[in-house]
Amino acid sequence: MQKKNKDKNRAFSLDTLRHSASHLLAHAVLDLFPGTQTGIGPAVEDGFYYDFLREEPFTSDDLESIEKRMKDISAQDTPIEKIIFSKQEAIEKFRQLGQDLKVKLIQEKGEEEVSCFQQGDFIDFCLGPHVPSTGLVKHFKLLSVSGAYWKGDESGPQLQRIYGTAFFTKQELADHLKMLEEAKKRDHRKLGPEMDLFSTDEKLGGGLILWHPKGAAARAVIEDFWRKEHFKEGYDLIYSPHIAKLKVWETSGHTEFYDALYPSLISDNVEYQLKPMNCPFHIMVYQSSQRSYRELPLRWAELGTVYRYERGGVLHGLLRVRGFTQDDAHIFCRSDQLEEEIRRTISMALRVLRTFGFEDFDVYLSTRPEKFSGSKGDWDQATEALKKALEAEKINFSVDEGEGVFYGPKIDIKIKDALKRSWQCTTIQLDFNLSEKFDLSYVGEDGEFHRPFMIHRALLGSLERFFGILIEHYNGNFPFWLAPVQTLIIPIADRHHDYAFGLKKELREKEIRTEIDARREKMGYKIRDAEKNKVPLILVVGDREVESETVSVRIHTQGDKGAFNFKEILAKMLKLIKNKDLEINL
RNA sequence: GCCAGUGUAGCUCAGUGGUAGAGCAACUGAUUCGUAAUCAGUAGGUCGGAGGUUCGAAUCCUCUCGCUGGCUCCA
Numbered sequence: 001m002q003k004k005n006k007d008k009n010r011a012f013s014l015d016t017l018r019h020s021a022s023h024l025l026a027h028a029v030l031d032l033f034p035g036t037q038t039g040i041g042p043a044v045e046d047g048f049y050y051d052f053l054r055e056e057p058f059t060s061d062d063l064e065s066i067e068k069r070m071k072d073i074s075a076q077d078t079p080i081e082k083i084i085f086s087k088q089e090a091i092e093k094f095r096q097l098g099q100d101l102k103v104k105l106i107q108e109k110g111e112e113e114v115s116c117f118q119q120g121d122f123i124d125f126c127l128g129p130h131v132p133s134t135g136l137v138k139h140f141k142l143l144s145v146s147g148a149y150w151k152g153d154e155s156g157p158q159l160q161r162i163y164g165t166a167f168f169t170k171q172e173l174a175d176h177l178k179m180l181e182e183a184k185k186r187d188h189r190k191l192g193p194e195m196d197l198f199s200t201d202e203k204l205g206g207g208l209i210l211w212h213p214k215g216a217a218a219r220a221v222i223e224d225f226w227r228k229e230h231f232k233e234g235y236d237l238i239y240s241p242h243i244a245k246l247k248v249w250e251t252s253g254h255t256e257f258y259d260a261l262y263p264s265l266i267s268d269n270v271e272y273q274l275k276p277m278n279c280p281f282h283i284m285v286y287q288s289s290q291r292s293y294r295e296l297p298l299r300w301a302e303l304g305t306v307y308r309y310e311r312g313g314v315l316h317g318l319l320r321v322r323g324f325t326q327d328d329a330h331i332f333c334r335s336d337q338l339e340e341e342i343r344r345t346i347s348m349a350l351r352v353l354r355t356f357g358f359e360d361f362d363v364y365l366s367t368r369p370e371k372f373s374g375s376k377g378d379w380d381q382a383t384e385a386l387k388k389a390l391e392a393e394k395i396n397f398s399v400d401e402g403e404g405v406f407y408g409p410k411i412d413i414k415i416k417d418a419l420k421r422s423w424q425c426t427t428i429q430l431d432f433n434l435s436e437k438f439d440l441s442y443v444g445e446d447g448e449f450h451r452p453f454m455i456h457r458a459l460l461g462s463l464e465r466f467f468g469i470l471i472e473h474y475n476g477n478f479p480f481w482l483a484p485v486q487t488l489i490i491p492i493a494d495r496h497h498d499y500a501f502g503l504k505k506e507l508r509e510k511e512i513r514t515e516i517d518a519r520r521e522k523m524g525y526k527i528r529d530a531e532k533n534k535v536p537l538i539l540v541v542g543d544r545e546v547e548s549e550t551v552s553v554r555i556h557t558q559g560d561k562g563a564f565n566f567k568e569i570l571a572k573m574l575k576l577i578k579n580k581d582l583e584i585n586l
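According to our numbering, the first sequence is numbered sequentially starting from 1.
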């Protein structure tokens, strides 16, 4: 994404354009709402924003008038000029303008010489670069306004952030806005309940998901596939309980450092804790006997349901919930096995994700942060192993220096969906903290105790989240092998029911998720209904089909495909499932 | 949690101080039909919840819950 920002035909990048657009926004706001203080206004992934401090909230009407004012300023084509002040001059300048936030920024970040950019009577403390004049920022749109903390600090003042986007051409802007609209249409929070896949209910509580039969059917397919893949990769499955004595979580450090814990439950004067993670349980399985170097690596997987108290404001459909099932696994291995285990995990993750129809990946390696647990030596060795594993798999990755979690370096894989949006799914993390806290060990060849490496990994992330991503990726049009209802049989009249029910029985025996629409409705009505429900394959049966033991096949979004011999179409369906084909081609 | 917005029938929405409405879906009846909507009828809401103002509240106010866009955090 970022790389596409460079456009050789232009003197400036898309980021520069958007940064200038954010100045245009601030300029317009100060024109229309004098006395407003400006915070910061950078370009971001899909556009730009600017933060403002103002008593009155901005309304959507305000947004419109601000956008109009921005267009006016753009039309004036005012030159944008860089001005260098001494730090003291700059502070004085912004103090006079009443821009106290800017004064603070300059005091903190300003060097001897302070760079500012001016367009007309608007001036901003800014490193740049910017486009040469406001007229070059033509194709933009303000999108939303929301709250944001000054420097992300919750105890600090809250500002109002106005988001917008900008592009080089009218067409690109229109395309982007169209994409946003498309994203809205295929929002899993809309499609999910519409397709009867899942629901939420305020009587239940926020962030808790009810999987309806159809959603559960798709989930079962995902889980079955997941288990088989793990079996092939040499994993064993384990199951663990949903609660454990508080002591376990004290040992793991969760009670002290993890802020999403639900309050503990007390039973027989003992405190129990709902689990926010599966790791301690897997560790306890490890510790249930003395481990030898000969046993390693141990690969244990679990679809483990965890509960985390997420703050109300962050809950979001299936993507951010309070109860969810991680496709979790822990690998315990020796140091000489580390690289190989990482390599296998990466390759497995990509294989699994590709099967679900994802082709574009961004891979990140995060290294040691300032505060960390474990030894530097272990970190260095592990980070090197992760790097080598990525290289061995010939994977392009970027290094997020110092962005690792405190307990170990990690590899994250983000997938790009059909709308080119990025989602983090796979995470592969070394954990030096828990292996120490629980004092994990194995007996080595030398008869001494050694500390194993512990790898924590999830491929899909969580089933809830992944399902949400799948719904949006496919716009609800799941590939045949994943579809909740794979086939719908539509008998034209009552006299075709015997034949239709016979087909249903046969299909179900072959484990094809089949339904029958035996309502006394016209065929056209039933077809419309089936198409709305996004059933991939519709089998219409009437006199002709009963007579010739055929079915008329209709493929979702493709239309009528004509008559097929039933055995023939059954074989094709089984093949679609076996191959996990993403498209139906008859 | 914070800022802002929002909540009327299963769904999409109308109704801004004076007796709660439409379309679709559901249900009943008729229709037995060839590739995206057959016709007619019936039922369905203490207007998210609680409190208040008022002769009178879906409508105004307060609190609260859910949802939406973000911040922060994260699978």
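Cβ atoms here follow ideal geometry from the backbone N, Cα and C, with glycine treated the same way.
Using only CA atoms, which one of His-230, Ile-123, Phe-33, Arg-311 lies nearest to Leu-594? Because residue 594 is not part of the residues shown, which for the chain are 1 to 586, the question remains open.
Can you check whether the CB of Arg-189 is closer than 9 Å to the CB of Gly-313? Here residue 313 refers to the residue found at position 313 of the first sequence. Here residue 189 refers to the residue found at position 189 of the first sequence. No.
In this structure, how does DSSP classify Ala-614 when only helix, strand and coil are distinguished? Given that the chain is displayed from residue 1 to residue 586, the structure contains no residue 614 and the question cannot be resolved.
Could you tell me the alpha carbon to alpha carbon distance between Val-405 and Trp-379, rounded to whole angstroms? Locating residue 405 in the first sequence gives position 405, counting from the first residue. Locating residue 379 in the first sequence gives position 379, counting from the first residue. Here the C-alpha atom of Val-405 lies approximately 12 Å from the C-alpha atom of Trp-379.
Could you give the first and the last residue of the continuous beta strand (DSSP E) run that contains Phe-595? Nothing about residue 595 can be read from this structure; the chain reaches only from 1 to 586.
When the Cα of Thr-38 is compared with those of Trp-150, Ser-347, Leu-143, Val-546, which residue comes out closest? On the first sequence, position 38 is the one that residue 38 refers to. Here the closest residue by C-alpha is Trp-150.
Which residue wins for smallest C-alpha separation from Leu-136, given the options Ile-162, Met-179, Asp-72, Leu-97? Numbered from its first residue, the first sequence carries residue 136 at position 136. If we check each option's Cα against that of Leu-136, Asp-72 comes out closest.
Compare the C-alpha of Ser-22 against each of Asp-46, Gln-424, Gly-215, Val-551 and name the closest. Residue mapping note: residue 22 aligns to position 22 of the first sequence, counting from 1. Among Asp-46, Gln-424, Gly-215, Val-551, the Cα nearest to that of Ser-22 is on Asp-46.
Below 8 Å on the Cβ atoms is my guess for Phe-122 versus Ala-26; work out the distance and round it to an integer in Å. Taking the first sequence and counting its residues from 1, the one referred to as residue 122 is at position 122. Taking the first sequence and counting its residues from 1, the one referred to as residue 26 is at position 26. Contact flag correct, Cβ pair sits at about 7 Å.
So for His-242, helix, strand or coil by DSSP? Counting from 1 along the first sequence, the entry for residue 242 is found at position 242. Coil.
Pair within 9 Å by beta-carbon distance, Ala-301 and Ile-238: The residue you call residue 301 lines up with position 301 of the first sequence. The residue you call residue 238 lines up with position 238 of the first sequence. Yes, the pair counts as a contact, with Cβ atoms nearer than the cut-off.
Leaving aside the five residues before and after Ile-577 along the sequence, list all residues of the same chain whose C-beta is less than 7 Å from its C-beta, in chain order. Start at 1 with the first residue of the first sequence, and residue 577 comes out as number 577. Around Ile-577: Phe-480, Trp-481.
Hey, how far is the Cα of Ala-392 from the Cα of Arg-320? Taking the first residue of the first sequence as position 1, residue 392 is located at position 392. Taking the first residue of the first sequence as position 1, residue 320 is located at position 320. In a straight line, the C-alpha of Ala-392 is about 34 Å away from that of Arg-320.
State the Cα-Cα distance for the pair Pro-263 and Gln-273, rounded to the nearest angstrom. Translated into positions along the first sequence, residue 263 becomes position 263. Translated into positions along the first sequence, residue 273 becomes position 273. Straight-line Cα distance between these residues: approximately 7 Å.
Assign Glu-25 to one of three DSSP states: helix, strand, or coil. Residue numbering aside, residue 25 sits at position 25 when the first sequence is read from its first letter. A quick correction: the sequence has Leu, not Glu, at residue 25. Leu-25: helix per DSSP, three-state reduction.
What is the DSSP secondary structure of Thr-305, counted as helix, strand or coil? In the first sequence, residue 305 corresponds to position 305, counting from 1. Three-state DSSP puts Thr-305 in a strand.
Beta-carbon contacts of Gln-287 that lie in its chain and below 8 Å, excluding the five residues immediately before and after: For this step, residue 287 is matched to residue 287 along the first sequence. Excluding sequence neighbours, Gln-287 sits near Phe-438, Leu-440.
Rounded to whole angstroms, what's the CA-CA distance from Lys-245 to Tyr-293? Just pull it up for me. On the first sequence, residue 245 is found 245 positions in, with the first residue counted as 1. On the first sequence, residue 293 is found 293 positions in, with the first residue counted as 1. Rounded to whole angstroms, Lys-245 to Tyr-293 spans 30 Å at the Cα level.
So if DSSP puts Leu-53 in a beta bridge, which residue, or which two residues, is it bridged to? Here residue 53 corresponds to residue number 53 of the first sequence, with the count starting at 1. Paired residues: Gln-37.
Can you look up Leu-586 in the DSSP assignment and give me helix, strand or coil? Translated into the one-based positions of the first sequence, residue 586 becomes position 586. It is coil, neither helix nor strand.
Asn-433 - partner residues in DSSP beta bridges: On the first sequence, position 433 is the one that residue 433 refers to. Partner(s): none; Asn-433 has no beta bridge.
Can you tell me the Cα-Cα spacing of Ser-74 and Ser-133, whole angstroms? For the purposes of this step, residue 74 is identified with residue 74 of the first sequence, where counting begins at 1. For the purposes of this step, residue 133 is identified with residue 133 of the first sequence, where counting begins at 1. Their Cα atoms are separated by approximately 8 Å.
Near Ser-347, which residues of its chain fall below 7 Å by C-beta distance, leaving aside the five closest residues on each side in sequence? The residue given as residue 347 occupies position 347 in the first sequence. Excluding positions up to five away in sequence, the list reads Glu-393.
Whole-Å CB distance - Phe-94 paired with Lys-102, under 8 Å assumed: Your numbering for residue 94 matches position 94 in the first sequence. Your numbering for residue 102 matches position 102 in the first sequence. Rounded, the Cβ-Cβ distance is 4 Å, consistent with contact.
Beta-carbon separation (whole angstroms), Gln-337 vs Ser-462, contact threshold 8 Å: Residue 337 sits at position 337 when you count from the first residue of the first sequence. Residue 462 sits at position 462 when you count from the first residue of the first sequence. No, Gln-337 and Ser-462 are not in contact; Cβ-Cβ is about 27 Å, not under 8 Å.
Which residue wins for smallest C-alpha separation from Ser-115, given the options Ile-83, Leu-97, Glu-89, Pro-241? The sequence position of residue 115 within the first sequence is 115, counting from 1. Nearest of Ile-83, Leu-97, Glu-89, Pro-241 to Ser-115, Cα basis: Ile-83.
When DSSP labels each residue in this structure, what does Leu-136 get in the three-state scheme? Start at 1 with the first residue of the first sequence, and residue 136 comes out as number 136. DSSP places Leu-136 in helix when its eight states are reduced to three.
So, at 6 Å on beta carbons, what are the nonlocal neighbours of His-282 in its own chain, with the 5 sequence-adjacent residues on each side left out? As a first step, residue 282 must be located in the first sequence, where it is residue number 282. Excluding sequence neighbours, His-282 sits near Trp-300, His-330.
Beta-carbon separation of Arg-186 and Asn-475 under 9 Å? Here residue 186 corresponds to residue number 186 of the first sequence, with the count starting at 1. Here residue 475 corresponds to residue number 475 of the first sequence, with the count starting at 1. In this structure, Asn-475 lies closer than 9 Å to Arg-186 by Cβ.
Who does Ser-588 pair with in a DSSP beta bridge? The structure shown does not extend to residue 588, since the chain is modelled only from 1 to 586, so the question has no answer here.
Would Arg-528 and Leu-539 be called neighbours here (beta carbons separated by less than 9 Å)? Your numbering for residue 528 matches position 528 in the first sequence. Your numbering for residue 539 matches position 539 in the first sequence. Not in contact: Arg-528 and Leu-539 (Cβ atoms no closer than 9 Å).
Could you work out which residue in Asp-77, Leu-460, Lys-510, Leu-570 is closest to Leu-537 when comparing CA atoms only? Locating residue 537 in the first sequence gives position 537, counting from the first residue. Considering only Asp-77, Leu-460, Lys-510, Leu-570, the residue with the shortest C-alpha distance to Leu-537 is Leu-570.
C-alpha gap between Leu-180 and Thr-345, whole angstroms: The sequence position of residue 180 within the first sequence is 180, counting from 1. The sequence position of residue 345 within the first sequence is 345, counting from 1. Cα to Cα, the separation comes out at about 34 Å.
Check the C-beta distance from Leu-459 over to Thr-487 and give it rounded, since I have them as a contact under 8 Å. Taking the first residue of the first sequence as position 1, residue 459 is located at position 459. Taking the first residue of the first sequence as position 1, residue 487 is located at position 487. At roughly 29 Å, the Cβ-Cβ gap does not stay under 8 Å, so Leu-459 and Thr-487 are not in contact.
Opposite Asn-565 in the DSSP bridges: which residues? Taking the first sequence and counting its residues from 1, the one referred to as residue 565 is at position 565. Looking at the DSSP assignment, Asn-565 forms a beta bridge with Thr-550.
Within the continuous beta strand (DSSP E) that includes Tyr-163, where are the two ends? Looking up residue 163 in the first sequence gives position 163. Run containing Tyr-163: 158-167, per the beta strand (DSSP E) assignment.
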